[in-house]
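Asks: Mapped onto the numbering used here, the consecutive letters of the sequence shown carry residue numbers 4 to 329. Where a beta carbon is used, it is the ideal one built from N, C-alpha and C, also for glycine.
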Amino acid sequence: MKRTILCLLLCASSLAAQTGAKNGEWKTYGGDLGNTHYSPLDQINAANFNSLQIAWRFKTDNLGPQPEFNLESTPLVANGVLYSTAGTRRAVVAVDTGTGELIWTHGEREGARQTNAPRILSGRGLAYWSDGREERILYVTPGYRLIALDAKTGADVRSLGRDGAVDLKQDDDQEIDPLSREIGLHAAPVVAGDIVIVGAAHRPGGVPSSKTNVKGYVRAFDVRTGKRLWIFHTIPLPNEYGAETWENNSASYTGNTGVWGQISVDEELGMVFLPVELPTGDYYGGHRPGNGLFGETVVAWYTMASGTWIFPTRRCWLTSQSTVRR
Numbered sequence: 004m005k006r007t008i009l010c011l012l013l014c015a016s017s018l019a020a021q022t023g024a025k026n027g028e029w030k031t032y033g034g035d036l037g038n039t040h041y042s043p044l045d046q047i048n049a050a051n052f053n054s055l056q057i058a059w060r061f062k063t064d065n066l067g068p069q070p071e072f073n074l075e076s077t078p079l080v081a082n083g084v085l086y087s088t089a090g091t092r093r094a095v096v097a098v099d100t101g102t103g104e105l106i107w108t109h110g111e112r113e114g115a116r117q118t119n120a121p122r123i124l125s126g127r128g129l130a131y132w133s134d135g136r137e138e139r140i141l142y143v144t145p146g147y148r149l150i151a152l153d154a155k156t157g158a159d160v161r162s163l164g165r166d167g168a169v170d171l172k173q174d175d176d177q178e179i180d181p182l183s184r185e186i187g188l189h190a191a192p193v194v195a196g197d198i199v200i201v202g203a204a205h206r207p208g209g210v211p212s213s214k215t216n217v218k219g220y221v222r223a224f225d226v227r228t229g230k231r232l233w234i235f236h237t238i239p240l241p242n243e244y245g246a247e248t249w250e251n252n253s254a255s256y257t258g259n260t261g262v263w264g265q266i267s268v269d270e271e272l273g274m275v276f277l278p279v280e281l282p283t284g285d286y287y288g289g290h291r292p293g294n295g296l297f298g299e300t301v302v303a304w305y306t307m308a309s310g311t312w313i314f315p316t317r318r319c320w321l322t323s324q325s326t327v328r329r
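#1: For the 8 Å Cβ check, are there 3 or more pairs between the stretch 152-169 and the stretch 243-256?
#2: Would you identify the three-state DSSP class for Q265, choosing helix, strand or coil?
#3: Are the stretch 109-129 and the stretch 40-59 in contact at 8 Å, needing three or more beta carbon pairs?
#4: Is the beta carbon of R231 less than 8 Å from the beta carbon of G187?
#5: Can you tell me whether R291 is buried or exposed? The criterion is at least 16 other CB atoms within 10 Å of its CB, across all chains shown.
#6: So for T77, helix, strand or coil by DSSP?
#7: What number of angstroms, rounded off, separates the C-alpha of H189 from the C-alpha of L296?
#8: On a Cα-Cα basis, can you pick out the residue from A89, D64 and N65 that is closest to E75?
#9: Leaving aside the five residues before and after L182 along the sequence, list all residues of the same chain whose C-beta is less than 7 Å from its C-beta, in chain order.
#10: What are the boundary residues of the beta strand (DSSP E) that R231 is part of?
#11: Sorted by chain position, which residues of the same chain lie with C-beta nearer than 8 Å to V268's C-beta, five sequence neighbours on each side aside?
#12: Taking buried to mean at least 16 other C-beta atoms within 10 Å of its own C-beta, is A50 buried or exposed?
#13: Could you give the DSSP three-state label for A115: helix, strand or coil?
#14: Going by DSSP, what residue range makes up the beta strand (DSSP E) through F224?
#15: Using a threshold of 8 Å, state whether the C-beta atoms of P282 and G293 are closer than that.
#16: Using alpha carbons as the reference points, say which of D153, G202 and T63 lies closest to W233.
#17: Given H382, which residues of its chain have a CB within under 8 Å of its CB, disregarding the five upstream and five downstream residues?
#18: Going by C-alpha distance, which of G27, D225 and V95 is nearest S162?
#19: Express the C-alpha separation of T144 and L79 in angstroms, rounding to a whole number.
#20: Under three-state DSSP, which class holds F276?
#21: Which residue from T91, V84, I47 and Y86 puts its Cα closest to that of N65?
#22: Report back the beta-carbon spacing between E71 and L124 to the nearest angstrom; my notes put them in contact at under 8 Å.
#23: Can you look up T311 in the DSSP assignment and give me helix, strand or coil?
#24: With a threshold of 7 Å on Cβ separation, who are the neighbours of L152 within its own chain once the five nearest residues in sequence on each side are excluded?
#25: CA-CA distance, G83 and T260?
#26: Straight-line CA distance for L44 to K155?
#27: Find the nearest neighbour of Q265 within the set G126, I179, N252 and D197, judged by alpha-carbon distance.
#28: Could you say which of H205, L240 and Y305 lies nearest to G341 if we only look at CA atoms?
#29: Which of the three DSSP states is assigned to S87 in this structure?
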């Protein structure tokens with residue numbers, strides 16, 4: 004209980020640092036890294052809402068082998084350009100905000116790796132990064148690869164990872180089949196400073212086919228090179244904190260505990276807040292006795308650079324649109 008109270012107070016103490024989106028832009032999934040979803044713009048209000056007219060439309064029907072039927076992406080806006088994932092192959096588009104004109108589009112063809120993916124379609128969004136000279140758009144493909152694009156041209160940034168991509172099924176402290184149907188991500192990665200943080204998602208956990216599954220670890224990478232900076236084991240390894248909460252060796256075969264909701268960041272404190280889902284499976288845990296950290300928790304992770312664990316809250320039930328907000 005003390006851990007829970009301490010974490011919640013810590014989260015609340017830095018709420019004032021989040022100011023929402025600035026300058027009419029929307030550079031992160033939630034408006035700011037605290038996911039406040041707030042913009043101070045006031046041109047649209049209750050008095051004029053009913054007189055608004057459509058300025059332009061952008062159709063995504065041809066961005067994939069069939070029309071999108073479940074577009075969930077939250078677009079980003081930076082320097083007069085709208086960026087979004089779109090279409091059933093999860094293409095990325097850049098659109099002029101004033102005219103709706105297409106500036107560029109980018110798509111990846113991943114073959115069986117994509118068709119096997121547990122989280123397909125356009126996904127929920129992108130991440131934006133700039134150092135004042137370069138601008139990049141980062142996203143995770145259906146096949147679970149981290150891609151960086153030049154924000155002005157849509158060209159691959161070849162210096163990231165190997166040939167412009169970080170294979171997220173590698174360097175994950177576990178063996179993952181490249182064509183695995185069990186792990187991917189539909190959420191937007193999170194960029195904080197020069198770090199990009201990526202979670203994991205699985206097939207819906209209500210009716211797992213087995214008590215075993217891939218584990219949903221969280222990793223941070225250098226935004227320029229794709230080098231892995233840290234990893235958080237959402238199911239602890241032997242001798243890590245929390246390993247004793249998994250009885251009967253259940254940590255060795257249990258999976259899931261992914262972070263597929265949007266991650267929140269407090270740059271001032273250097274903390275990352277991770278909403279961790281349940282272990283395998285959602286409605287039955289008889290095969291995994293014990294408290295099972297860090298399943299179904301919100302974890303505060305410090306710092307963004309080194310990845311030192313702080314403490315989790317316990318049993319914080321999140322909806323299907325789970326997002327940590329401060």
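Replies: Once the coordinates are examined:
#1: no
#2: One-based indexing of the sequence shown puts residue 265 at position 262. If DSSP states are grouped into helix, strand and coil, Q265 belongs with the strands.
#3: no
#4: Residue 231 sits at position 228 when you count from the first residue of the sequence shown. Residue 187 sits at position 184 when you count from the first residue of the sequence shown. Not a contact, by the Cβ cut-off of 8 Å.
#5: On the sequence shown, position 288 is the one that residue 291 refers to. R291 should be labelled buried.
#6: One-based indexing of the sequence shown puts residue 77 at position 74. DSSP, reduced to helix, strand and coil, places T77 outside both helices and strands of the structure shown, so it counts as coil.
#7: To locate residue 189, count along the sequence shown from 1; it is residue 186. To locate residue 296, count along the sequence shown from 1; it is residue 293. Rounded to whole angstroms, H189 to L296 spans 24 Å at the Cα level.
#8: Counting from one through the sequence shown, the residue named residue 75 turns up at place 72. Nearest option by C-alpha distance: A89.
#9: Against the sequence shown, residue 182 aligns to sequence position 179. Contacts found: A115, R116 and N119.
#10: Residue 231 sits at position 228 when you count from the first residue of the sequence shown. DSSP places R231 in the uninterrupted beta strand (DSSP E) bounded by R231 to F235.
#11: Indexing the sequence shown from 1 puts residue 268 at position 265. Cβ within range, chain order: L36, G37, V193, A195, I200, M274, V275, F276 and M307.
#12: Mapped onto the sequence shown, residue 50 falls at position 47. By the neighbour-count rule (16 or more Cβ atoms within 10 Å), A50 is not buried but exposed.
#13: Residue mapping note: residue 115 aligns to position 112 of the sequence shown, counting from 1. Three-state DSSP puts A115 in a helix.
#14: Counting from 1 along the sequence shown, the entry for residue 224 is found at position 221. Per DSSP, F224 belongs to the beta strand (DSSP E) from V221 to D225.
#15: By one-based count along the sequence shown, residue 282 stands at place 279. By one-based count along the sequence shown, residue 293 stands at place 290. No, the Cβ-Cβ distance between P282 and G293 is not below 8 Å.
#16: In the sequence shown, residue 233 corresponds to position 230, counting from 1. It is G202.
#17: As displayed, the chain neither begins before 4 nor continues past 329, which places residue 382 out of reach and without an answer.
#18: In the sequence shown, residue 162 corresponds to position 159, counting from 1. Of the candidates G27, D225 and V95, the one whose C-alpha sits nearest the C-alpha of S162 is D225.
#19: For the purposes of this step, residue 79 is identified with residue 76 of the sequence shown, where counting begins at 1. For the purposes of this step, residue 144 is identified with residue 141 of the sequence shown, where counting begins at 1. Roughly 17 Å between the two C-alpha positions.
#20: Stepping through the sequence shown from its first residue, residue 276 is reached at position 273. F276 falls in the strand class under three-state DSSP.
#21: For the purposes of this step, residue 65 is identified with residue 62 of the sequence shown, where counting begins at 1. The residue with the shortest Cα to Cα distance from N65 is T91.
#22: Residue numbering aside, residue 71 sits at position 68 when the sequence shown is read from its first letter. Residue numbering aside, residue 124 sits at position 121 when the sequence shown is read from its first letter. Going by Cβ atoms, the distance from E71 to L124 rounds to 6 Å, so yes, they are a contact pair.
#23: Translated into the one-based positions of the sequence shown, residue 311 becomes position 308. If DSSP states are grouped into helix, strand and coil, T311 belongs with the strands.
#24: As a first step, residue 152 must be located in the sequence shown, where it is residue number 149. The answer, listed in chain order, is V95, H109, R139, I140, A158, D159 and V160.
#25: Numbered from 1 along the sequence shown, position 80 holds the residue referred to as residue 83. Numbered from 1 along the sequence shown, position 257 holds the residue referred to as residue 260. Going from the Cα of G83 to the Cα of T260 covers about 38 Å.
#26: If you number the sequence shown from 1, residue 44 lands on position 41. If you number the sequence shown from 1, residue 155 lands on position 152. The straight-line gap from Cα to Cα measures roughly 26 Å.
#27: Counting from one through the sequence shown, the residue named residue 265 turns up at place 262. Residue G126 is the option with its Cα nearest to Q265.
#28: Residue numbering for the chain in the displayed model covers 4 to 329; residue 341 lies beyond these limits and cannot be assessed.
#29: What you label residue 87 is simply residue 84 of the sequence shown in a count that begins at 1. Strand, per DSSP.
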